[in-house]
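Engineer:
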Amino acid sequence: MISRAQAHIDLAALQHNFTVVKTLAPRSQVMAMIKANGYGHGAVRVAKALRQADAFGVACVEEGLELRAAKITQPIAIMNGVSTAEELQIAAAQQLQIVVHHRAMAEMIAQTTLAEPVTVWLKIDTGMHRLGIPPAQIAAIYQQLNACASVKQPLHLMTHFAEADNPTKDTTQRQLDIFAQCTADLPGPKTLANSAGIIAWSGSHADWVRPGVMLYGISPQANKNGSDFDLRPVLTLQSKLIAVNALHRGDAVGYGGIWTCPEDMPVGVVAIGYGDGYPRHAKNGTPVLINGVRCPLIGRVSMDMIMVDLRNCPQARINDQAILWGAGLPAEEVARFADTIAYTLLCGLSQRVKYVEEHP
Ligand SMILES: *Cc1c(COP(=O)(O)O)cnc(C)c1O
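Numbering (numbering that gives the first Met the number 0), first residue to last: 0 to 359.
#1: Which class does phenylalanine 160 belong to by DSSP, given the choice of helix, strand or coil?
#2: Going by the C-beta, is lysine 189 closer than 7 Å to any heavy atom of ligand 1?
#3: In this structure, how does DSSP classify threonine 167 when only helix, strand and coil are distinguished?
#4: Any contact of the region 181–189 with the region 4–14, i.e. 3+ C-beta pairs under 8 Å?
#5: Looking at C-alpha atoms only, which residue of Gly253, Leu234, Asn79 and Val287 is the closest neighbour of alanine 341?
#6: Output the distance between the C-alpha atoms of alanine 315 and glutamine 350, rounded to the nearest integer angstrom.
#7: Pull up the distance between the alpha-carbon of arginine 228 and that of alanine 109, whole angstroms please.
#8: If you count every other CB in all the chains shown that lies within 10 Å of the CB of valine 355, and 16 or more means buried, which is it?
#9: What residues in its chain sit with their C-beta under 6 Å from that of methionine 304, if we drop five residues either side in the sequence?
#10: Would you please state the rounded distance, in angstroms, between the beta carbons of valine 81 and alanine 90? I believe it to be under 8 Å.
#11: Return the chain-ordered list of same chain residues with a C-beta closer than 7 Å to the C-beta of cysteine 312, the five sequence neighbours on each side being excluded.
#12: What did DSSP end up calling isoleucine 340 once you bin it into helix, strand or coil?
#13: Could you check the C-alpha separation between threonine 18 and arginine 50 for me, to the nearest Å?
#14: Leaving out five residues on either side along the sequence, give the residues of the same chain with a beta carbon under 6 Å from the beta carbon of methionine 157.
#15: Which same chain residues end up closer than 7 Å to phenylalanine 178 when comparing Cβ atoms and leaving out the 5 residues on each side of it in sequence?
#16: Threshold first: 4 residues or longer. Then list the alpha helix (DSSP H) segments lying entirely within the region 193–272, N to C.
#17: One question on the structure: do alanine 58 and lysine 34 come within less than 8 Å of each other, judged by their Cβ atoms?
#18: Near arginine 248, which residues of its chain fall below 7 Å by C-beta distance, leaving aside the five closest residues on each side in sequence?
#19: For arginine 26, count neighbouring C-beta atoms within 10 Å of its own C-beta (all shown protein chains included) and say buried if the count is 16 or more, exposed if not.
#20: On the CB-based measure, 16 or more other CB atoms within 10 Å of its CB, does lysine 239 come out buried or exposed?
#21: Assuming isoleucine 71 is part of the beta strand (DSSP E), what are its boundary residues?
#22: Residues bridged to histidine 7 by DSSP?
#23: What's the C-alpha gap between alanine 48 and serine 194?
#24: Any chance the region 276–289 sits against the region 216–228, with 3 or more Cβ pairs inside 8 Å?
#25: Measuring CA to CA, which of Gln143, Asp275 and Leu87 is closest to glycine 347?
#26: Taking the beta carbon of histidine 155 as the centre, do at least 16 other beta carbons fall within 10 Å, making it buried, or is it exposed?
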């Protein structure tokens, strides 16, 4: 093994997580969300592995073009939409579907002549107040686009949840009610649910669901792990010990000396750091698996290395395996120690990490 940090991608786990989505939402088509390079797993890799997905969702036209260049033929929807007529032409020419979330975008489309009509997802702001057309404007914009030769019939309709990951709040039910009211008389396929909606709000499944994080084996609910929903981690980040040092009671470890050995003890140095995407804010005590045994992170995370307390694993030697998250150590748990969510850990891996695919 020449490389140090590796991201092992378990494509069988990805397949399994897709079947969990189908089991939860058996009557819905699935738009697999693979924006941000497939949540750090490799968008093309994920798209090729998920042949059974009915469509893919990405953030921007560039991400859609990358998939088309890799010969991905399913429908691809652009969540952030397009902002210029030129971008619209490029998207339409590659059969990318456009989320229209603003009146200005609807007007631009209405004024643009396209060689082939484009599929539009009309996005309604039902309460998230990020992207979306206010309910009061929907009927008029729907009519405008419906009458437009550049737009395929019927229009598709969508909204996005602000806190479906919190099943005890009534926000999601209110968003469901508003969506139902303003789309009651509008024909066309409908979609509302992200992973959190798929898991906790079966009434939101509609014609299409849009799973993201759950496909990668991660729980959308902050206080749970993917395994609580029968999901399996797809990405395992691993590296190795590059030093094992016998330190003495009172020795301070790493930059700033923020951790001091309470006794004579073995300390391991793992070849991973914030330069690889390991979070610098991971607190002392964040678990690291050394040869499958949980060992706590000690000292400050540096660019290329972290240190671990090896008292749980005194036999550990140079070149032994270290797992930072994934199989055997949920990314959700590491995220809690770093005051973040697993989404950011997955998206944040750097160029230096080598990807290794494990095929079913
Ligand atoms: C990212 C995204 C999703 C998927 O969200 P998850 O929480 O990862 O399931 C669904 N819909 C839209 C519009 C998104 O941007």
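We treat Cβ as the ideally placed atom computed from N, Cα and C, and that holds for glycine.
Structural biologist: Judging by the given coordinates:
#1: Here phenylalanine 160 carries a coil assignment [DSSP, helix/strand/coil].
#2: no
#3: coil
#4: no
#5: The option with the nearest alpha carbon to alanine 341 is Leu234.
#6: 28 Å
#7: With the sequence shown as reference, residue 228 is identified as phenylalanine, and arginine is not the correct amino acid for it. If you take the alpha carbons of phenylalanine 228 and alanine 109, they lie about 44 Å apart.
#8: exposed
#9: Correct list, in chain order: Val268 and Gly272.
#10: The C-beta distance from valine 81 to alanine 90 rounds to 6 Å, short enough to fall under 8 Å.
#11: Ile289, Asn290, Val292 and Cys294
#12: coil
#13: 13 Å
#14: Trp120, Lys122 and Thr190
#15: Ile123, Thr125, Thr158 and Leu191
#16: 194–199
#17: yes
#18: Cβ neighbours of arginine 248 beyond the five flanking positions: Cys260, Pro261, Glu262 and Asp263.
#19: exposed
#20: Buried: at least 16 other Cβ atoms inside 10 Å.
#21: Per DSSP, isoleucine 71 belongs to no beta strand (DSSP E) and is neither H nor E.
#22: Thr235 and Val355
#23: 19 Å
#24: no
#25: Asp275
#26: buried
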